[in-house]
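Asker: Quick note on the numbering used here: the sequence shown kicks off at 122 and runs consecutively. Heads up, the beta-carbon is just placed ideally off N, CA and C, and yes, glycines get one too.
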Amino acid sequence: VEKIALLEHLGLEWHCIGPIQSNKTRLVATHFQWAHTVDRLKIAQRLSEQRPEGLPPLNVCLQVNIDGAPTKAGVAPGEALALAREVAALPRLALRGLMTIPEPAEGFEAQRAVHARARALFERLRAAGLPLDTLSMGMTGDLEAAIDAGSTMVRVGTAIFGTRTAPANRG
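(1) I'd like to check one pair, A165 with L214: are the Cβ atoms closer than 8 Å?
(2) What are the boundary residues of the beta strand (DSSP E) that includes L183?
(3) Check the DSSP bridge columns for A156 and list the partner residues they point to.
(4) Where DSSP assigns a beta bridge to S169, which residues make up the other side?
(5) Just tell me which of A234, R172, T261, V122 has its CA closest to the CA of D294.
(6) State the DSSP-derived secondary structure class of G259, mapped to helix, strand or coil.
(7) CB C182 to CB T255, shorter than 8 Å?
(8) Which of the three DSSP states, helix, strand or coil, is assigned to L176?
(9) What residue from L202, A197, N186, E134 has the CA that sits closest to L179's CA?
(10) Buried or exposed, going by whether 16 or more other CB atoms sit within 10 Å of the CB of N296?
(11) Considering only their Cβ atoms, is the gap separating A205 from L246 smaller than 8 Å?
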């Protein structure tokens with residue numbers, strides 16, 4: 122939020138990518154134009170309720186745990202349609218699409234296969250009448266496979282900023 126305030130004069134569009142805790146929804150609803158990691162109705166409801174009236178609806182992607190990885194967040198693929206319908210009905214949100222962060226896979230074909238599953242789910246939701254236009258999948262290590270599978274938005278922070286190091290434990 123400090124960075125957003127410092128760079129406000131540039132007219133940038135800010136995307137929140139990362140876990141959204143209940144106690145952080147007001148910050149996301151107030152300062153961001155996109156939230157990529159909505160995976161529960163409770164979080165979506167709070168974002169909708171807390172989105173200021175003067176702002177356009179918050180663009181939302183549902184995070185889907187496309188490969189069922191136990192360490193990854195996201196709604197299960199089989200529950201995505203029901204959640205998408207509920208989120209799409211919220212007044213201060215604009216459901217735009219899906220976002221995935223699968224477990225790393227070795228090789229282009231293995232990477233593409235998991236991204237293809239996300240694309241198939243995206244198309245099923247569109248066929249069910251949801252006007253989705255964003256498929257946010259692929260990061261620096263697998264962006265070619267994600268684009269080949271139909272990604273409309275990739276996340277390339279590591280390619281731009283380098284690998285992050287964990288902050289030192291401040292005890």
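Answerer: Well, looking at it:
(1) It is a contact, given that the beta carbons lie within the stated cut-off.
(2) 179-184 is the span of the beta strand (DSSP E), which, as asked, contains L183.
(3) C137, V181, per the DSSP bridge assignment.
(4) None, per the DSSP bridge assignment.
(5) Nothing can be reported for residue 294, as the shown portion of the chain is limited to 122 through 292.
(6) In the structure shown, G259 sits in a strand (DSSP, three-state: E or B).
(7) Yes, these two residues count as a Cβ contact at 8 Å.
(8) The answer is coil: DSSP assigns L176 none of H, G, I, E or B.
(9) Residue E134 is the option with its Cα nearest to L179.
(10) Lying outside 122 to 292, the shown extent of the chain, residue 296 is not represented and no answer is given.
(11) Result yes, Cβ atoms of L246 and A205 sit closer than 8 Å.
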